[in-house]
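Everything below concerns the one structure shown next.
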Amino acid sequence: MNHTLSYNARKEKSKCFPSVTCNFRTGYSHLTTHYHISAATTNAVLTEVVTKKKPVKGGKKKVAPAPLLKEKPKKIEKPKIVNPLFEKRTRHFGIGQHIQPKRDLSRFVRWPKYIKIQRQKSVLQRRLKIPPPINQFSHTVDRVTATALFKVLEKYRPETTAAKKRRLQARAEKKVEKKTDKPTKRLIVVRQGVNTVTKLVEQKKAQLVVISHDVDPLEVENSDRANFTKLVETIKNNFNERYDELRRHWGGGVLGAKSTARIAKIEKAKELDSNLYFIKFYTNTYMPTSFKWIVVKAGKPSRQYSCIDGIEILSTSGTKSFGKLELNESSTITDVKKGVYHLKKLLYPDRQSIRLEPRGKTLKDSDTLKSLGLKNGSKLYVKDLGPQIGWSTVFLCEYAGPLFSYLLFYLRPSLVYGSNADTKPMAHVVHLAALCWSIHYAKRLLETVFVHRFSHATMPIMNLFKNCSYYWGFAAYVSYHINHPLYTAPCLCQSYFGLALFAICELGNLSIHLALRDLRPPGTKVRKIPRVTSNPFTILFDYVSCPNYFYEFGSWVGFTIMTSTLPAGLFTLAGVYQMSIWALGKHRNYKKEFPDYPKQRKAIVPFLL
1 MNHTLSYNAR
11 KEKSKCFPSV
21 TCNFRTGYSH
31 LTTHYHISAA
41 TTNAVLTEVV
51 TKKKPVKGGK
61 KKVAPAPLLK
71 EKPKKIEKPK
81 IVNPLFEKRT
91 RHFGIGQHIQ
101 PKRDLSRFVR
111 WPKYIKIQRQ
121 KSVLQRRLKI
131 PPPINQFSHT
141 VDRVTATALF
151 KVLEKYRPET
161 TAAKKRRLQA
171 RAEKKVEKKT
181 DKPTKRLIVV
191 RQGVNTVTKL
201 VEQKKAQLVV
211 ISHDVDPLEV
221 ENSDRANFTK
231 LVETIKNNFN
241 ERYDELRRHW
251 GGGVLGAKST
261 ARIAKIEKAK
271 ELDSNLYFIK
281 FYTNTYMPTS
291 FKWIVVKAGK
301 PSRQYSCIDG
311 IEILSTSGTK
321 SFGKLELNES
331 STITDVKKGV
341 YHLKKLLYPD
351 RQSIRLEPRG
361 KTLKDSDTLK
371 SLGLKNGSKL
381 YVKDLGPQIG
391 WSTVFLCEYA
401 GPLFSYLLFY
411 LRPSLVYGSN
421 ADTKPMAHVV
431 HLAALCWSIH
441 YAKRLLETVF
451 VHRFSHATMP
461 IMNLFKNCSY
471 YWGFAAYVSY
481 HINHPLYTAP
491 CLCQSYFGLA
501 LFAICELGNL
511 SIHLALRDLR
521 PPGTKVRKIP
531 RVTSNPFTIL
541 FDYVSCPNYF
551 YEFGSWVGFT
561 IMTSTLPAGL
571 FTLAGVYQMS
581 IWALGKHRNY
591 KKEFPDYPKQ
601 RKAIVPFLL
């Protein structure tokens, strides 16, 4: 049986009452019943109208009319009980009730201009998507270099619309007059725009990228090529290669508590990985299998490195074994030297030379065991370099001696020159020579203390006696002849020419030493290719590997010309010979260490040696 109920709204007077229509279908008959429900003010009258159809064949029973629908009883919902221990309750922020939460009202505040800029920078730093080819440039150029750069680039500013209009108009007028159109060359201008610069960087066509103004020159005219090359080299030397030293942090590099703790944790883990090692060595007992363990630094070893058990330390003769070390793959030769020092207290790290073969080359302190291919059971050889002394101490001793010994002869002591020596007059050149000699060695002493950064901390102590004998002996030899009462001075023109050459070369030598100092950050052993800087004396870096030796040679040539003495000439020749040996060695090391080292450079003398 199918039941269909439809309610239609009807109006009776001023009130609405529903009408119900019910359809009942069976297999025997079809009955439609309409109920019209009307209501008065006090009682209700039900009128039933039944429309009957002829009974279907076979039908016997009549279907009863459907009863009126009754409303279903409403379910009573129980109030939900809130547990205050773990369920939230509604909070009311009326007077005397819950405290209102803090709200960020910063966007409604009228901030000063510098605060707005800071907020914009912080938003850009979090949200701005910078292309990776552009994002790799993070160096800051100083004002002087930037000013010099934009003076060169001023000629290559892209033409404006008005300039382009004038250029095309002039070209059209020439075309009308001569009736020929000669195609013009493409203008040389800087390239700008993020997409353009990114594409040029990816294609490796960009020579210099300036992010602050977002320009990138592709090529310059031949007349500006030298200035532009010098600027590029200056920026590379001062910023690309000295990035860690000159890096500037926005906001002073002040970090929050979480960032500081995270960085400290990472640094502590790195230090632990690099310094953790165990030492095992055999004792001098009758049991050859007995051994001792010494834990030099306790800690949890790094998971990413596997331990290397049993690296045997031998002397270069191969007959004496110092013991065995247990290290990890990330350990360096410095860690090996520390381990050898704990095996034998006499061999402190500066006294050791670690080698793979008894007559092999000395390994660098930064080399790791993994890079050297050392495994379990490998052998390392240690050579005793003898007692060591610091480079600074050696330099101070060997430079202080010539200064005082020369001034001692300058006073013409009667023990050396006789009793009447101080009564004889001194030539003007003698005073100039004493002044030049004193300035030279005083400069060397000050450079040793404040300028020089040595790649090696010590040298054999025997070098102290050898170097002091050389400098002190030549100082006494030269000073004895120049300050002698029978000394004959050259003409003033020759003396002043030698003085000028000496002064220029001394300034050049100081400039080179300062440039070399800037190549190596304090406390490191970094080696870089020396380049020309903004100092004009450093232009010799384009021609020789050791311009400081060339300027030193020029200084003593000037001193020899000024004094015109044989001892000064011999001292100059001896110095040139020794400095040439040093320069050739450094030149070979530069070419071996740096594959892109300039091939046109010589060792000490431009175009010759």
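If you count by UniProt numbering, then the sequence shown holds residues 1 to 609, one letter each, in order. The beta carbon of each residue, even a glycine, is placed where N, CA and C say it ideally should be.
DSSP places N535 outside both helix and strand once states are collapsed to three, so it counts as coil. A Cβ-Cβ separation of about 17 Å leaves L369 out of contact with L343 under the 8 Å criterion. K361 sits away from T316, with the two beta carbons spaced by 8 Å or more.
Counting along the chain, L396 sits inside no beta strand (DSSP E); it lies in the alpha helix (DSSP H) bounded by residues 391-410. For P567, no beta strand (DSSP E) encloses it; the enclosing alpha helix (DSSP H) starts and ends at 566-593. DSSP links K383 through a beta bridge to S353.
Cβ contact annotation for Y543 (same chain, cutoff 8 Å, sequence separation greater than five): Q600, R601, K602, P606, F607, in chain order. Cα atoms of D104 and E267: separation of roughly 36 Å, rounded to the nearest angstrom. In the three-state DSSP reduction, V189 falls in the coil class, being neither helix nor strand. Remark: C-beta atoms of N483 and N509 do not approach each other more closely than 8 Å.
For N195, the secondary structure class from DSSP, reduced to helix, strand or coil, is helix. Residue pairing of Q388 in beta bridges, as defined by DSSP: P460. Within the segment 505-535, not a single complete alpha helix (DSSP H) segment reaches 4 residues in length.
Looking only at P595, V209, G339, the smallest Cα-Cα distance to T196 is reached by V209.
Three or more pairs of CB atoms, one per stretch, sit closer than 8 Å, so the segment 553-564 contacts the segment 494-503. Within the DSSP secondary-structure output, T368 pairs in a beta bridge with T332. The beta carbons of H440 and W391 sit about 19 Å from each other, so the pair does not count as a contact at 8 Å. Per DSSP, K88 has no beta bridge partner at all.
If you draw a straight line from the Cα of A257 to the Cα of R119, it comes to about 21 Å. Between the alpha carbons of K379 and K525 lies a gap of roughly 27 Å. Across the structure, E154 and N589 are spaced so that their CA atoms are roughly 41 Å apart.
When C-alpha distances from Q388 are compared across I604, L346, I76, H92, the shortest belongs to L346. Under the three-pair Cβ rule at 8 Å, the segment 463-480 does not count as touching the segment 507-522. Under the three-state reduction of DSSP output, K344 falls in the coil class, being neither helix nor strand. No Cβ-Cβ contact shorter than 8 Å links D224 with V123. If you check the CB distance, K337 and I354 come in under 8 Å.
Of the residues assessed, I235 falls on the buried side of the cut-off, its CB having 16 or more other CB atoms within 10 angstroms. Between S479 and Y410, the C-beta gap is smaller than 8 Å, which places the two residues in contact. Ranked by how close their Cα comes to the Cα of K185, the residues R167, G401, A400, Q97 have R167 in first place. If you look at S414, you'll find it in the alpha helix (DSSP H) that goes 414-417. Here DSSP, grouped into helix, strand and coil, assigns V557 to helix. Segment contact: the segment 434-452 against the segment 393-408, three or more CB-CB distances shorter than 8 Å; contact assigned. The C-beta separation of W556 from F571 comes to about 7 Å, placing the pair in contact by the 8 Å criterion. Residue range 143-153 is occupied by the alpha helix (DSSP H) that includes F150. Short of 8 Å from the beta carbon of Y597, and not among the five residues preceding or following it, lie these beta carbons of its own chain, in chain order: I529, Y590, K591.
Less than 8 Å divides the Cβ of I333 from the Cβ of D365.
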